[in-house]
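Residue numbers (this note's numbering), protein chains in the order written: chain A, 1 to 119; chain B, 120 to 402. We treat Cβ as the ideally placed atom computed from N, Cα and C, and that holds for glycine. For reference, the structure is listed below as structure tokens.
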Amino acid sequence: MAARFTINEVQVGDVTILRLGGRLELEEGDLVFRDYVNRLVGEGRLKILLDLKGVSRIDSAGIGMLVSKYLSTQKSGGNIKLLHLTRRSDHLMDITRLATVFEIFDDEADAVRSFAGTT
Amino acid sequence: MGAESTPSRAVLIVDDDRALRHALSALLTAAGHHIESVGDGPEALALLHNHPFDIVLLDIGLPSMSGLDVLARLSDLATPPRVIMMTADDTSESVLEAVRRQAYRYIHKPFPPNTIVDVVNEAIAPAAALSFEVVSARPEWLEFVAPCTIEMAERIHSFVMHLEAKLPEDIREALAQAFRELLMNAVEWGGKLDPTRKVRIACVRTKRMLLYRIADPGEGFDIDGLRHAAISNPEHDPIRHLVVREEKGLRPGGFGLAMTRSLVDELIYNEARNEVIFVKYLE
């Protein structure tokens, strides 16, 4: 059994890094994640980097919530990017063709730098 | 998320590993539960006959009496506790016996420390009171009829995936993901998350393939009407269906069928599309 969903927040300049852990699934982490990102966007913290290294399981509801928050953050003038996909998450991004939607990074410094000059 | 808001319960730990008993006691006490612990089956049964416990964490490999034998005797109690089986033994016989005896969960040792707190907290939730019917518990044919709830789907998923523990990791992961997606579809869309409605689940194993069949109590769906699912998206726009979902007031998602189709070798719906079979070939 996989661990419960967790979020640890780190601020690097104006980029908010959310280190996600555990299960991002239907009625598990999906709503917690939604509310967390909504709060950040409400506070005007619009550069969000999601570190998925600790995510043990993700399902279609979790992926749907990632995309939904990506779209709503973009609508508010911000961006969500992904960091450290696990082999499993990477595979799911490929088969859902979401690798063509998100910017995905293996290196945290590169990911943080990529936000420079954006709103 | 966590123990702070969880009501305190009486938990009995039955394991012959003294260090593990101590560690689990400390974790669950810190989570606010009342803990007793014993090292063998007869001692556990004596205690259970004299004191009510909500949850029993039960090792299978006990010295004088197997945990599965203890589990079999717990149904005689006036108010049987919910039982979480703990073992390093993932043989299909052990898993199937735990299923037959309506164990709440079956968890593999070693496990991350917080896992046990999460499982205990799940087991004391009101939704955990629901039970499933075991139609067949043979290694080659496992079949359940279960209420349409997410919690029950999680339990069934957990049992079934323990049976597949010896498969290569990539096959096991693909099966786990596909099975979960289709089972959640069945209980959420077919069963409307109504515990009075039932989903029927069969898992058939042969030397060359694994076949899973899930029949939900819904009316099925029209594949041409699935504009809210990712399978309807054009090649160049993998998220167009999310706009449709938002218009319809549906939660974000809709990637389940697209994911499942890529994870298994065969995916076949019946005409009404309220029953689905998927197959993974092993050779």
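- Counting only residues of its own chain and dropping the five nearest sequence neighbours on each side, residue 92 of chain A has a CB closer than 7 Å to the CB of 58, 63.
- Short of 8 Å from the beta carbon of residue 336 of chain B, and not among the five residues preceding or following it, lie these beta carbons of its own chain, in chain order: 267, 309, 310, 316, 317, 318, 393.
- Residue 252 of chain B and residue 234 of chain B have their C-alpha atoms spaced approximately 26 Å apart.
- When secondary structure is reduced to three states using DSSP, residue 327 of chain B falls in the coil class, being assigned neither helix nor strand.
- For the beta strand (DSSP E) assignment, the uninterrupted runs of no fewer than 3 residues enclosed by the segment 148–233 of chain B are, from N- to C-terminal side, 153–157, 174–178, 201–206, 224–227.
- Between the C-alpha atoms of residue 147 of chain B and residue 246 of chain B there is a straight-line separation of about 21 Å.
- Put simply, of B:401, B:343, B:372, B:367 the residue whose alpha carbon is nearest the alpha carbon of residue 357 of chain B is B:372.
- In this structure, residue 271 of chain B keeps its C-beta atom at 8 Å or more from the C-beta atom of residue 295 of chain B.
- In this structure residue 160 of chain B is in contact with residue 181 of chain B, their Cβ atoms being roughly 5 Å apart against a cut-off of 8 Å.
- At a C-beta separation below 8 Å, residue 160 of chain B has no neighbours in chain A, since its nearest C-beta there lies roughly 24 Å away.
- Spanning the alpha carbons of residue 10 of chain A and residue 190 of chain B requires a straight line of approximately 46 Å.
- Listed along the chain, the chain B residues whose CB falls inside 8 Å of the CB of residue 95 of chain A are 377, 378, 381, 382.
- Only those residues of the segment 287–305 of chain B whose C-beta falls short of 7 Å from the nearest C-beta of chain A are listed: 292, 299, 300, 303.
- Closest in C-alpha terms to residue 215 of chain B, from the list B:339, B:258, B:305, comes B:258.
- Taking CB atoms only, residue 177 of chain B has no neighbour in chain A less than 8 Å away.
- Selection A:86, A:31, A:95 evaluated against residue 51 of chain A yields A:86 as nearest (Cα-Cα).
- DSSP lists B:264 as the bridge partner or partners of residue 252 of chain B.
- Under the Cβ criterion of 8 Å, residue 26 of chain A is counted among the residues facing chain B.
- Nearest C-alpha to residue 263 of chain B among B:333, B:364, B:390, B:206: B:333.
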